[in-house]
Each structure stands twice: as C-alpha cells, then as structure tokens.
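One structure is given here, and the rest of the page talks about it.
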Amino acid sequence: MGTHMKTTVEISDALMAAARAVAEREGTTVRTLIEEGLRLSLERRKRKPRFELKDASVDGKGLQPGFSFERWADIRDAIYERRGA
Numbered sequence: 047m048g049t050h051m052k053t054t055v056e057i058s059d060a061l062m063a064a065a066r067a068v069a070e071r072e073g074t075t076v077r078t079l080i081e082e083g084l085r086l087s088l089e090r091r092k093r094k095p096r097f098e099l100k101d102a103s104v105d106g107k108g109l110q111p112g113f114s115f116e117r118w119a120d121i122r123d124a125i126y127e128r129r130g131a
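In terms of my numbering, the sequence shown opens at residue 47 and continues consecutively.
Shown next, in the form of structure tokens:
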C-alpha cells in the first residue's frame with residue numbers, strides 16, 4: 047500500500063476505549079479503524095459541493111439622478127419612504 051508515516055494524534059479516552067473495543071470485537075486494529083474513518087471522511091468531503099455565492103449584482107449606471115454618496119440621509123429617506131418608518 048505504499049509508504050507509512052508515524053504520527054501522534056490526541057484522541058479522547060472515551061473514543062479510544064470505544065475504538066479498542068470495536069477493534070477487538072472485529073479482530074482488527076485501532077490503526078485500521080482510524081485509517082478507514084479518515085478515508086471515509088476525506089471521500090465525503092470530496093463529494094460535498096463547495097458553496098458558491100451567486101452573482102446578485104445588477105446592471106445599471108449607479109445612483110439615480112438627484113442622489114449622491116455625500117447625501118446618505120436623502121438615500122435612506124427614499125428607501126424607507128411609504129414604509130411607515
């Protein structure tokens with residue numbers, strides 16, 4: 047299966063105890079269980095589509111006549127006009 051690398055991983059006592067019990071019951075090793083779990087996790091992540099934000103921009107020529115960025119109060123008032131605010 048290729049080369050192997052030794053590494054140290056911190057695993058909670060409860061999880062390690064459960065893994066040892068499963069390994070003993072199934073006649074395998076904790077290492078095998080860890081490798082299997084890691085492979086499954088990596089495969090699941092490969093299949094999961096990445097989130098992509100849809101382009102919600104609109105075509106236009108900026109603000110309508112009569113508005114400017116210096117007069118935010120006018121823009122805000124126009125937004126809330128006839129909305130009871």
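We put the beta carbon where it would ideally sit given N, CA and C, even for glycine.
Residues of its chain near residue i, where Cβ-Cβ distance is below 8 Å and the 5 sequence neighbours each way are ignored
i: Ala65; result: Ile57, Val76, Leu79, Ile80
Cβ-heavy atom distance, residue i to the ligand HEM, below 6 Å
i: Arg90; result: Inclusion of the ligand HEM in the displayed structure is not the case, the ligand content being empty and no account of it being possible.
Option in the options with minimal Cα separation from residue i
i: Gly83; options: Lys52, Arg129, Leu61, Gly108; result: Leu61
Backbone CA spacing between residue i and residue j [nearest angstrom]
i: Thr54; j: Asp101; result: 44 Å
i: Thr49; j: Glu98; result: 36 Å
i: Ala51; j: Arg71; result: According to the sequence shown, residue 51 is Met rather than Ala. Each residue's Cα considered, the two are about 26 Å apart.
i: Arg215; j: Gly108; result: The chain is shown only over 47 to 131; residue 215 falls outside these bounds and no answer can be derived.
i: Asp123; j: Arg129; result: 10 Å
i: Arg85; j: Ser103; result: 40 Å
Contact with chain B by residue i, beta-carbon distance below 7 Å
i: Ser58; result: Absent from the structure: chain B. Only one protein chain is present.
What runs of the alpha helix (DSSP H), each 4 residues or longer, lie entirely inside the region 88–128?
118–126
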